[in-house]
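The structure appears below as structure tokens.
Number of protein chains: 2
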Amino acid sequence: MDAALRPYDIGSTQWYVLYQLAHDGPTMQRDLLRMLQIERATLSIVIGALVRKGLVEQVPDSIDRRQKRLRMTAAGTTLWGELPDLTFIRRVAFDGIDQAEIATAIKVLQTATGRLDELLRRGTDA
Amino acid sequence: MDAALRPYDIGSTQWYVLYQLAHDGPTMQRDLLRMLQIERATLSIVIGALVRKGLVEQVPDSIDRRQKRLRMTAAGTTLWGELPDLTFIRRVAFDGIDQAEIATAIKVLQTATGRLDELLRRGTDA
DNA sequence: GATTTTTTGTTTGCTAGCTAGCATAATTGT
DNA sequence: ACAATTATGCTAGCTAGCAAACAAAAAATC
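Going line by line, the protein sequences match chains A and H.
What the first sequence shows, in my numbering, is residues 1 to 126, in sequence order.
What the second sequence shows, in my numbering, is residues 1001 to 1126, in sequence order.
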């Protein structure tokens, strides 16, 4: 993804933010946090890069002034239209592999990461 | 790994370097490149951190003065002895999962990453 | 023997992840 | 109504990845 996006000076996480705004419209920054599963501080930097490049606007909410609503700018919409389709990546990686084997791989990885997340959660609570 | 190593102010890639030096003794920096599968520039930063902390020494080779031989210092050896066993991570993640399913997951992932590496290799050549 | 190419390592500047700590705003409890 | 707590976002400082460009040394070529 990063290699495909490099000509546009966009990283993969920045792409995900644009994707969200392009598909669901304006979104609260705090909601993106849940969707992207990254830390507040990290998202802050990513959004900062998009704002700096003029692709995204950050508008404080009128009701809760802590929260910020993210919206694509005209320049952002234009760039989004120029970005290449990235689905070829998934095709290259997985086309032709047995569906059952892919399902098994997903199950194994979900189990393992779930257990490690749980371990980490307990560790940081204690 | 990072969470377990944080109390010792060591990152996971730094750990791999120490592991290599602890098990195989002094190693050329260029050989570590192949072992860790990262870029020259990245390794340079990681080694820099270890040297700065006084855990590793960087000695220019007498024959080929471009190359640098990495060696653990006394402080590095001491720290290595204090680091916890990290094999519990693998146990937490995978214990009890069917061996055949794990093998399938490995096969699927190796195929996918192999294809993507190949795609990237062709892309950067052209 | 001199020139060109290749190899090795570093630096710079970027993305992206983390924790810790701060400010501000909203909410909750008393 | 005021105080304490919680929520949101930011900054600073770190690890770790990348590409591009540079310097120095060695190797290859002419």
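Where a beta carbon is used, it is the ideal one built from N, C-alpha and C, also for glycine.
Checking contacts by CB at 8 Å: is residue i closer than that to chain H?
i: residue 38 of chain A; result: no
i: residue 50 of chain A; result: no
i: residue 97 of chain A; result: yes
i: residue 109 of chain A; result: yes
i: residue 11 of chain A; result: no
i: residue 86 of chain A; result: no
i: residue 115 of chain A; result: yes
i: residue 41 of chain A; result: no
i: residue 93 of chain A; result: yes
i: residue 3 of chain A; result: yes
i: residue 53 of chain A; result: no
Quick check: what's the CA-CA separation for residue i versus residue j?
i: residue 27 of chain A; j: residue 3 of chain A; result: 27 Å
i: residue 1019 of chain H; j: residue 1079 of chain H; result: 11 Å
i: residue 1025 of chain H; j: residue 108 of chain A; result: 36 Å
i: residue 1021 of chain H; j: residue 53 of chain A; result: 44 Å
i: residue 1092 of chain H; j: residue 1065 of chain H; result: 45 Å
i: residue 67 of chain A; j: residue 1 of chain A; result: 30 Å
i: residue 113 of chain A; j: residue 1061 of chain H; result: 43 Å
i: residue 96 of chain A; j: residue 1106 of chain H; result: 16 Å
i: residue 1055 of chain H; j: residue 57 of chain A; result: 46 Å
i: residue 1110 of chain H; j: residue 63 of chain A; result: 50 Å
i: residue 42 of chain A; j: residue 33 of chain A; result: 9 Å
Give me the residue from the options with the minimum Cα distance to residue i.
i: residue 1099 of chain H; options: A/97, A/104 and A/96; result: A/104
i: residue 119 of chain A; options: H/1008, H/1090, H/1115 and H/1029; result: H/1090
i: residue 51 of chain A; options: A/73, A/60, A/106 and A/62; result: A/73
i: residue 116 of chain A; options: H/1115, H/1010 and H/1087; result: H/1087
i: residue 69 of chain A; options: A/59, A/38, A/75 and A/76; result: A/59
i: residue 37 of chain A; options: A/23, A/16 and A/48; result: A/16
i: residue 1013 of chain H; options: H/1076, H/1081, H/1122 and H/1049; result: H/1049
i: residue 1009 of chain H; options: H/1039, H/1046 and H/1031; result: H/1046
i: residue 7 of chain A; options: A/84, A/40 and A/122; result: A/84
Quick check on DSSP: helix, strand or coil for residue i?
i: residue 1119 of chain H; result: helix
i: residue 1 of chain A; result: coil
i: residue 1126 of chain H; result: Note that residue 1126 of chain H scores a pLDDT of 45, beneath 50, so its modelled location is shaky; the value from the coordinates is reported in the next line. The answer is coil: DSSP assigns residue 1126 of chain H none of H, G, I, E or B.
Checking contacts by CB at 8 Å: is residue i closer than that to chain A?
i: residue 1119 of chain H; result: yes
i: residue 1057 of chain H; result: no
i: residue 1074 of chain H; result: no
i: residue 1045 of chain H; result: no
Practice problem: At 3 residues or longer, and completely inside the region 1057-1114 of chain H: list those beta strand (DSSP E) runs for me, N to C. | Solution: 1068-1072
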